[in-house]
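Student: Numbering-wise, the working numbering comes out as the position in the sequence shown, counting from 1, plus 26.
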Amino acid sequence: MTLKVALIGAGAMGGAIGARIVQTGQDLTVFDLDAQKVADLVALGAKAAPSAAQAAAGADYVVISLNSARIVDIAVFGEGGVAQGAKAGTLIIDMSSIDPDATRDMAARASALGLAWVDSPLSGGAPKAATGELTLMAGGTAEDVARAHVLLRHLSTNYTHMGPSGAGQTTKLINQVLCGLNFMAVAEATQLALNAGVDASKIPQALRGGRADSAILQEYMPRFATRDYRRTGRIDNMVKDLNAAQDLARRSHTSMPLTALCAEIHRMLTAAGLGGEDQAALMEYFTGPNKEHFA
């Protein structure tokens, strides 16, 4: 059965999600303020809409991939937003990474308008979206989460219902804490290997299957070692997520000293002008920003 899907937000992540939705044969209508991003998906077979409301009109699912709770709120409840065009019963699937409290608030407001809401942030980035191998963590009612999976099974190989609204976003923050600390640990270990004269490119293979192994070790140590800074993510997005994790830690009276240090290092690199660079640019923390790496 072909699903009627609206996509709001066609940036690096949203574009990859949209491409996969089209690739799997779904009927996709897309809205983004950037006309070129919309055109890229139209070239693959999607349809363009002039507003979020018109994209949502007639859709069974509205997938949102935006950069902050404020932008999601505007896209859904603002003038020309999803809520003005979506029919009763439409399921909004927010795949953004945003604050859990904001998610619960928007889900309640959507429910009052007859719309369903599932927060389903992701892990795996654009490369895993392209192959349908994302890890998704979902918050919402059991019925809505199961309904969302009818679409999200095309995007993911690991889909877990974590609890009520906001639970998916909370799990994503935990994911980002683990990823942020792992990125820093692998970057630091790479620098030690380089300084000590060990071939860092061999370490992932040497440690494969052991307790120190991880997807980040396997993918990023070779990139750290060679200063391969191709963009698959952004340092400033990690700052956003670590900030949100620290806010949640304060509200829940949780001590997170390692996360605080990790966040400060990411903020330092952002202040140095590297916020738009890939996580691989964490290596610049150990040597000082070198502009030749970003030419």
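In this text, a Cβ means the ideal position worked out from N, Cα and C, and glycines have one as well.
When you compare only the Cα positions, how much space is there between L274 and A82?
Tutor: Just so you know, the alpha carbons of L274 and A82 end up roughly 32 Å apart.
Student: For Y246, name the three-state secondary structure that DSSP assigns.
Tutor: helix
Student: Would you call the region 103-113 and the region 153-168 touching, i.e. three or more CB-CB distances under 8 Å?
Tutor: no
Student: Closest to I118 by CA distance: which of A32, G44, Q195, D58 is it?
Tutor: A32
Student: Sorted by chain position, which residues of the same chain lie with C-beta nearer than 7 Å to L141's C-beta, five sequence neighbours on each side aside?
Tutor: A109, A112, T116, I118
Student: Taking 8 Å as the cut-off, does the CB of G37 come closer than this to any heavy atom belonging to the ligand HEM?
Tutor: With respect to the ligand HEM, the structure shown offers nothing to examine, as it has no ligands at all.
Student: Going along the chain, which residues of its own chain have a beta-carbon closer than 6 Å to the beta-carbon of R249, five neighbours each way excluded?
Tutor: A306
Student: How is the alpha helix (DSSP H) around M264 delimited, first residue to last?
Tutor: 261-277
Student: By alpha-carbon positions, which one of M210, H180, Q244 ends up nearest to Q231?
Tutor: Of M210, H180, Q244, the smallest CA-CA separation from Q231 is found for Q244.
Student: Where do the ends of the beta strand (DSSP E) carrying M163 lie?
Tutor: 160-165
Student: For A168, which of G189, D145, T183 has the nearest alpha-carbon?
Tutor: Nearest to A168 by alpha-carbon distance, out of G189, D145, T183, is G189.
Student: How about H187 and G158: are their beta carbons less than 9 Å apart?
Tutor: Annotated as distal: H187 and G158, with beta-carbon spacing of 9 Å or more.
Student: Taking C-alpha atoms, which residue in N221, N263, Q217, V176 lies nearest to Y311?
Tutor: Q217
Student: For my contact list, L54 and A72 are in at a C-beta cut-off of 8 Å; report their separation, rounded to the angstrom.
Tutor: 4 Å
Student: Report the rounded CA-to-CA distance for G301 versus G259, giving the unit in angstroms.
Tutor: 10 Å
Student: With DSSP as the reference, label L148 as helix, strand or coil.
Tutor: strand
Student: Considering only residues of the same chain and omitting the five flanking positions on each side of S281, which have a CB-CB separation below 8 Å?
Tutor: Taken in chain order, the residues that qualify are A275.
Student: Per DSSP, F57 forms a beta bridge with which residues?
Tutor: Answer is I34, bridged to F57.
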